[in-house]
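Undergrad:
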Amino acid sequence: MIKINDIKKRYTDSVEIGPLNIEIPRAGLTSLIGPNGAGKSTTLLMIGRLLDIDEGNITVADLDVSSTKSKDLAKIITILRQENHFVTRLTVRQLVGFGRFPYSKGNLNKKDEEIISKYIDFLKLTELENRYLDELSGGQRQRAYVAMVLCQETEYVLLDEPLNNLDVARSVQMMDHLRQAANEFGRTIVTVMHDINFAAKYSDRICAMKDGKIAAYGTVDEIMDPEILTDIFETEIQTIDGPYGKVAIY
Amino acid sequence: MSHKDMGGIGRDSQSLLYNHNKIWTKPFILAVIAVFILGTISLFTGVYDIRGQEDGMEMFFTTRIPRTVALILTGAAMAMSGLVMQLITQNRFVEPTTTGTMEWAGLGLLCVYLLVPSPSLMLRMAGAIVFSFMGTMIFFMFLRRVELKSSLIVPIIGLMLGAVISAVATFVGLLFQMTQNIESWFIGSFASVQAGRYEYLWIIVIICILIFLLANRLTLAGLGEDIATSLGVNYNLLVLIATGLISLAVGIVAAVIGYLPFLGLIVPNIVSLFRGDDLRSNLPWVCVIGMCTITICDIISRTIIMPFEISVSVILGTVGAIVFISLLLRQRRPRRIR
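Going down the list, the sequences are from chains E and B. Number 209 in my numbering belongs to position 209 of the first sequence; there are no gaps in the numbering. Number 1075 in my numbering belongs to position 75 of the second sequence; there are no gaps in the numbering.
1) Can you find a C-beta in chain E that's less than 8 Å from the C-beta of R1197 of chain B?
2) So if I threshold CB-CB distances at 7 Å, which residues from the segment 1215 to 1238 of chain B count as touching chain E?
3) List the residues of chain E whose Cβ lies closer than 7 Å to the Cβ of R1280 of chain B, in chain order.
4) Would S203 of chain E pass as an interface residue toward chain B - the criterion being a Cβ-Cβ separation below 8 Å?
5) If we ignore side chains and look at the alpha-carbon of each, how far apart do G1366 of chain B and E1309 of chain B end up?
6) For Y132 of chain E, which residues does DSSP report across the bridge?
7) Does the distance from the CB of R1092 of chain B to the CB of N1269 of chain B come in under 8 Å?
8) Does the beta carbon of R179 of chain E sit closer than 8 Å to a beta carbon anywhere in chain B?
9) List the residues that DSSP assigns as beta-bridge partners of R10 of chain E.
10) Throw me the rounded Cβ distance for the T43 of chain E and L29 of chain E pair, which I believe falls under 8 Å.
11) Evaluate A1254 of chain B with the Cβ neighbour count: other Cβ atoms within 10 Å of its Cβ, from every protein chain shown; 16 or more gives buried, anything less gives exposed.
12) Do L1260 of chain B and M1078 of chain B have their C-beta atoms within less than 8 Å of each other?
13) Which first and last residues belong to the alpha helix (DSSP H) in which M209 of chain E is found?
14) For A1221 of chain B and N1282 of chain B, what's the separation of their Cα atoms in angstroms?
15) So what's V1154 of chain B in DSSP terms, helix, strand or just coil?
16) How many angstroms separate the CA atom of Y1045 of chain B from the CA atom of F1186 of chain B?
17) Buried or exposed: where does F1262 of chain B fall if 16 or more other Cβ atoms within 10 Å of its Cβ makes it buried?
18) Run the CB neighbour count on G1276 of chain B, radius 10 Å, all protein chains shown included, and call it buried at 16 or more, exposed below.
19) Taking the alpha carbon of Y145 of chain E as the reference point, which residue from E:E113, E:Y11, E:Q94 has its own alpha carbon closest?
20) Are the C-beta of F101 of chain E and some C-beta of chain B separated by less than 8 Å?
21) Please find out if some non-hydrogen atom of the ligand MN comes closer than 7 Å to the beta-carbon of A1228 of chain B.
22) Cα separation between V1345 of chain B and L1213 of chain B?
23) By DSSP, does G1188 of chain B sit in helix, in strand, or in coil?
24) I want to see whether chain B comes within less than 8 Å of R49 of chain E, judged by CB atoms only; does it?
25) Can you tell me which of B:V1032, B:L1071, B:L1174, B:Q1053 puts its alpha carbon nearest to the alpha carbon of I1296 of chain B?
26) Just mark D112 of chain E as buried or exposed, buried being the case when its beta carbon has 16 or more other beta carbons within 10 Å.
27) Please say whether L1123 of chain B and M1178 of chain B have beta carbons closer to each other than 8 Å?
28) Quick one: grab the DSSP three-state call for N1269 of chain B.
29) Using the three-state DSSP reduction, which class does N165 of chain E fall into: helix, strand or coil?
30) Run through DSSP, which three-state label would G1007 of chain B get?
31) Just tell me which of E:F122, E:P35, E:R26, E:Y103 has its CA closest to the CA of I214 of chain E.
32) The alpha helix (DSSP H) spanning L1220 of chain B covers which residue range?
33) Whose Cβ in chain B lies nearer than 8 Å to the Cβ of S70 of chain E?
34) Whole beta strand (DSSP E) runs in the segment 1054 to 1142 of chain B with 3 or more residues, listed along the chain?
35) With a cut-off of 8 Å, does the C-beta of G1276 of chain B fall near any C-beta of chain E?
36) So T78 of chain E is in the alpha helix (DSSP H); what residue range does that whole segment cover?
Here it is as C-alpha cells:
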C-alpha cells in the first residue's frame, strides 16, 4: 500500500502542491489524471523518491520513502519518467538486464538471465533484444524501458506518462501489457495519464488532481462522471456508455 | 502463458549467457598485440642511436622506456576520463578539453608556480588536481542547473569556459612574467619525459581499476539520474567520486605531460560506435584504443620532421578536429525509421 500523509511541495509562494492525503491499495492499476500543472507528475516523483518532500511523508509498503535507503527501496518501488533525449547505446538486453541491478549489482547469474528473458518476451522484444536502443523506434524504446522497470520485479511500479509519443495502436499495446503485468504478476502500477478514456478503460482506480490538490479519487465508474470531469478540466465533458465502459466526450 | 500465442513470435528470448562480461575475446587480444607492437616501434623511434652509441642502453632506460610507458598510461587516462565524463553528462561531445577541465588544471599549475618558487612535481600535480576538480564540479553544477535543449550547447559552453580560464592563465602569466611556463604547457609533449619525471603516471593504473569497479554504476548514470536513482544508485555520490577520479587522472597528466586535446573525445566515440556504451565491457577497449591512438600520434610527431619533433598535441588536435566534425555531421543525419 502507498500511503501519502499530508505531503506538501512548494515551488513559489503561489505555486504549491498539497496537502495531499491518499492511500493506494496493493495490486491493480491506478491512474493520475488532471489538467497540466495539476501536480500529477510531481506527486509521482515524490512517491518514487526522485523529488524531495517539503512536508508530510509517504510510505510504500510501510517504508518511509525519504528515510529508507535508496538501494533498499529499489527492490520495492521503481519509477520510469518520460524518455530523455540522450539515448545510450546499450542493447535492449543490456538495458533490461540493468533492471536486475538492485539484486545483482551488475554480476548477472543464471536466474537473473532467465528473469531478463521473461520480461523481454513479455514485452515482445524478443526479436529486438540484441539491437541498440538508438536503432529502435520511439515505441519500441519505450517498451524496452518498461521491460527494464518490470525486470526490477518491484511490487510498486510508477510510470510517468507511459503513452507519451505513442500512437493509438502502440498505446493500446502498452496498456495491455501493463494491465497484464498487474493481473499476472500482481504488481501495483501507478501511472500519470493524459487521455481520460485510456485511463478509464485500463485502470482500477482513478485519482483526479487539480491545482495541486486531489479533486476526486475512486473507482473508474465514480470518476467518469460528467460533473466531476467538467469541473476538473474546466471543459464541458459528457460521458456515454461505450462497449468497454464509460467514454468521455469533449 | 497467454502472451506467447498473442504476438506470433515463434522463438523465446534465450537466457544463454550472453558475453557481456567476457573481455578476452579475439579482437581484444589483437588490439593488445597492436599496443605492444606500437610500443616497440615507439621504443626504437628517435634520433639517438641506441645500438650504436656506448651509452645507448642508458639512454634507452632513461628516456625511451619512460616515454613509451608515459604514452600508454596517458592514452588510457585521457580516453577513460572522456568516457566517464560523457556518461555523467550524458553528452557525447564532452571530454577534459571541451569542459575546461584541462585549462583549470593549467591554471592550477600556474598558481602553484606563483605561490611556491620552483615547486616540486608533487606540488604542481596537487595544484592541477585540485583546480581541475573545482573546475569540473563548477561545470557539472552549471549543467544540472540549466536544462539544455541541444547537446551541442554543452561543449560550446565548455570550450568557452576553457577559453576564459586559459585567458586568465595567460594574463596571470604575463603579469608575473611566467609566459614561458604557460606556453610550453599548452603544447603538450612527451619530449621531456624521462626517468624520475613520469613515475606518478602509474597512479593511473589504480584509477583505471577503481573506474572499472564503478563501471556498472557509471553506465547507469549514463541512463540519467532518474533511472540510476530508481535502481538504487546514489547518483550524487557517484558523480562526486567519478569527478574526483577523473580530476586525479587529468591533473596528473596535466602536470607531467601538458595539454592533450580531443583524445577523450575520439576514442570513446569510436568504441561506442562498434560496441555500444556498456562501460564494464568497454573500459578495456577504451583504454587500449586510447593507448594506440596516442602512441601513433606520438610516433608521427617524432618522425614527420625528423630529426626535430613537433608537439603531439598538434597531431591530436588535427585528428581530433576531423573526428569531431564527422561526429557532428553524423548526428545531424536523421535516424533511420524502422
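The C-beta atom is built at its ideal place from N, Cα and C for all residues, glycine as well. Model, not experiment: these values are computed from the prediction.
TA: In terms of the structure at hand:
1) Locating residue 1197 of chain B in the second sequence gives position 197, where the first residue counts as 1. False, the Cβ-Cβ gap to chain E never drops below 8 Å.
2) N1216, L1220, G1222, L1223, G1224, D1226, T1229, S1230, L1231, G1232, N1234
3) Reading the second sequence from its first residue, position 280 is the one you call residue 1280 of chain B. Ordered by position in chain E, the residues that pass the 7 Å Cβ test against R1280 of chain B are G106.
4) The residue you call residue 203 of chain E lines up with position 203 of the first sequence. Answer no: the Cβ-Cβ gap between S203 of chain E and chain B never drops below 8 Å.
5) With chain B running from 1001 to 1338 in the structure shown, residue 1366 of chain B is simply not present.
6) Here residue 132 of chain E corresponds to residue number 132 of the first sequence, with the count starting at 1. E:T91.
7) Your numbering for residue 1092 of chain B matches position 92 in the second sequence. Your numbering for residue 1269 of chain B matches position 269 in the second sequence. The answer is yes: Cβ separation under 8 Å.
8) Counting from one through the first sequence, the residue named residue 179 of chain E turns up at place 179. For R179 of chain E, the answer is no, since every Cβ of chain B falls outside 8 Å of its Cβ.
9) Your numbering for residue 10 of chain E matches position 10 in the first sequence. Looking at the DSSP assignment, R10 of chain E forms a beta bridge with E:E16.
10) As a position in the first sequence, residue 43 of chain E is number 43, starting the count at 1. As a position in the first sequence, residue 29 of chain E is number 29, starting the count at 1. Not confirmed; about 16 Å, so no contact.
11) As a first step, residue 1254 of chain B must be located in the second sequence, where it is residue number 254. So A1254 of chain B counts as buried.
12) Position 260 of the second sequence, counted from the start, is the residue given in the question as residue 1260 of chain B. Position 78 of the second sequence, counted from the start, is the residue given in the question as residue 1078 of chain B. It is a contact, given that the beta carbons lie within the stated cut-off.
13) Here residue 209 of chain E refers to the residue found at position 209 of the first sequence. Unbroken run through M209 of chain E is the beta strand (DSSP E), 205 to 210; no alpha helix (DSSP H).
14) Locating residue 1221 of chain B in the second sequence gives position 221, counting from the first residue. Locating residue 1282 of chain B in the second sequence gives position 282, counting from the first residue. A1221 of chain B and N1282 of chain B: Cα-Cα distance of roughly 15 Å.
15) In the second sequence, the residue the question calls residue 1154 of chain B occupies position 154. Reduced to three states, the DSSP call for V1154 of chain B is helix.
16) Counting from 1 along the second sequence, the entry for residue 1045 of chain B is found at position 45. Counting from 1 along the second sequence, the entry for residue 1186 of chain B is found at position 186. In the sequence as presented, Tyr is not what sits at residue 1045 of chain B; that position holds Thr. Their Cα atoms are separated by approximately 24 Å.
17) On the second sequence, residue 1262 of chain B is found 262 positions in, with the first residue counted as 1. Buried, because 16 or more other Cβ atoms sit within 10 Å of the Cβ of F1262 of chain B.
18) One-based indexing of the second sequence puts residue 1276 of chain B at position 276. With 16 or more Cβ atoms within 10 Å of its Cβ, G1276 of chain B is classed as buried.
19) Taking the first sequence and counting its residues from 1, the one referred to as residue 145 of chain E is at position 145. Among E:E113, E:Y11, E:Q94, the Cα nearest to that of Y145 of chain E belongs to E:Q94.
20) Translated into positions along the first sequence, residue 101 of chain E becomes position 101. At least one chain B Cβ lies under 8 Å of F101 of chain E.
21) Absent from the structure shown: the ligand MN. Ligands present: none.
22) Residue numbering for chain B in the displayed model covers 1001 to 1338; residue 1345 of chain B lies beyond these limits and cannot be assessed.
23) Walking along the second sequence from the start, residue 1188 of chain B turns up at place 188. Reduced to three states, the DSSP call for G1188 of chain B is coil.
24) Translated into the one-based positions of the first sequence, residue 49 of chain E becomes position 49. Taking Cβ atoms only, chain B reaches closer than 8 Å to R49 of chain E, which makes this a yes.
25) Taking the first residue of the second sequence as position 1, residue 1296 of chain B is located at position 296. Selected option, being the one with the closest Cα: B:L1071.
26) Locating residue 112 of chain E in the first sequence gives position 112, counting from the first residue. Its Cβ being crowded by 16 or more others within 10 Å, D112 of chain E is buried.
27) Within the second sequence, numbered from 1, the residue matching residue 1178 of chain B stands at position 178. Within the second sequence, numbered from 1, the residue matching residue 1123 of chain B stands at position 123. It is not a contact, given that the beta carbons lie outside the stated cut-off.
28) Here residue 1269 of chain B refers to the residue found at position 269 of the second sequence. Residue state, collapsed to three classes: helix.
29) As a first step, residue 165 of chain E is located in the first sequence; it is residue number 165 there, counting from the start. Three-state result, N165 of chain E: coil.
30) Numbered from its first residue, the second sequence carries residue 1007 of chain B at position 7. Its pLDDT being 40, under 50, G1007 of chain B is placed unreliably by the model, and the measurement read from it follows with that caveat. It is helical.
31) Reading the first sequence from its first residue, position 214 is the one you call residue 214 of chain E. Minimum Cα distance to I214 of chain E is reached at E:P35.
32) Working through the second sequence from its first residue, we reach residue 1220 of chain B at position 220. From DSSP, the alpha helix (DSSP H) with L1220 of chain B extends over 1215 to 1222.
33) On the first sequence, position 70 is the one that residue 70 of chain E refers to. What S70 of chain E touches in chain B: T1229, G1232, V1233, N1234.
34) none
35) Counting from 1 along the second sequence, the entry for residue 1276 of chain B is found at position 276. Yes - at least one Cβ of chain E is within 8 Å of the one on G1276 of chain B.
36) The count along the first sequence starts at 1 and reaches residue 78 of chain E at position 78. Counting along the chain, T78 of chain E falls outside any alpha helix (DSSP H), though it belongs to the beta strand (DSSP E) covering 77 to 80.
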